[in-house]
Each structure stands twice: as C-alpha cells, then as structure tokens.
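Trainee:
Numbering (my numbering), first residue to last: 1 to 149.
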C-alpha cells in the first residue's frame, strides 16, 4: 500500500511559478486610441464651429440679393440642420450596434464633410439647405458616438 500524504516536491524549480498571462486581445494602446480621440475632439469642435459660423454668416447672406434668401428661408435652413442632427443621432445607436464604432465614426465625418462641401459650392438656398441637412446628419451621428467614447 502507498502512503496517503502530500505529493512529493517537484524537482523542476519553475513548476510552482504560474505561466505568464498572454496579452488580452482587446487591450488598446495609446497609439491606437489617440487618433480616435483626436477625431472625436475635432468632431465636437467642428460642431460648435459650424453653428457659430452659420450664425455669424447668415446676416451677410441675407443682405446679398443674389442669393435670394429670405429670413424665413434662413430659419428653414437652420431647421433642416437641426432635423438632420436629430435623424443622425437617432440612427447612430442602431448603426453602431450593427456596424461597429469605427465605420459609423468615419461615415459621420464623411457626411459632415460632404455637407460642408455642398454648402461651400451652392449658389442658391435649396442646395445650401441640402448641404446643411447632410452636415447635420453627420454631426448628429458623431456627437453621441464621440461623447460615449
């Protein structure tokens, strides 16, 4: 019969040392997070700048008879921007769940950039309003996403 007692000591000195843990695959470094944070900071900055510039430029656009913009039309265009931001903000959560944060973040930046380009190239109120709506979609999608990061 064998004695029942503790097992004999291990002869290998590293037998009692736990194995080194492998790096977690989801672990992010500063180099991988910094560009995303910078892009989010820029998105929030451009959102504030967009609203400020719209408010500062609109009186001059109303004074230009070549644009044919009325005060009522200027208010409508401002509302299109807010409506675009509403739709963008409401759709961001679902799109982020389906596609992930990165593609939705990039899409928001692209929409905002495209909307700003349309505004810059427009010579009439209708394309200017469409550009503001596109920019609003992009900003509306960026804001909740950036603030959640």
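Backbone N, C-alpha and C fix where the C-beta goes; we use that ideal spot for every residue, glycine too.
Keep in mind the model is a prediction, meaning the values are calculated, not measured.
1) Along the chain, where does the alpha helix (DSSP H) that runs through residue 103 open and close?
2) Residue 51: which of 90, 93, 148, 80 sits nearest, CA to CA?
3) Closest by CA to residue 82, which one among 138, 145, 149, 146?
4) Secondary structure at residue 70, three-state DSSP: helix, strand or coil?
5) Using CA atoms only, rank isn't needed, just tell me which of 75, 125, 145 is closest to residue 65.
6) Only counting the same chain, and skipping five residues up and downstream in sequence, which positions put a Cβ closer than 7 angstroms to that of residue 127?
7) Take residue 112 as the anchor and find which of 47, 56, 97 has the nearest alpha-carbon.
8) Should residue 29 be labelled buried (16 or more other beta-carbon atoms within 10 Å of its own) or exposed?
9) Counting only runs that start and end within the region 31–80, where is the beta strand (DSSP E) found for 3 or more residues in a row?
10) For the alpha helix (DSSP H) holding residue 132, just list the boundary residues, first then last.
11) Using the Cβ count rule (16 or more neighbours within 10 Å means buried), how would you classify residue 92?
12) Have a look at residue 108 and residue 57 and give me their C-alpha separation to the nearest angstrom.
13) What residue from 98, 78, 116 has the CA that sits closest to residue 55's CA?
Mentor: On the basis of the coordinates in this document:
1) 101–121
2) 80
3) 138
4) coil
5) 125
6) 118
7) 47
8) exposed
9) none
10) 125–148
11) buried
12) 24 angstroms
13) 78
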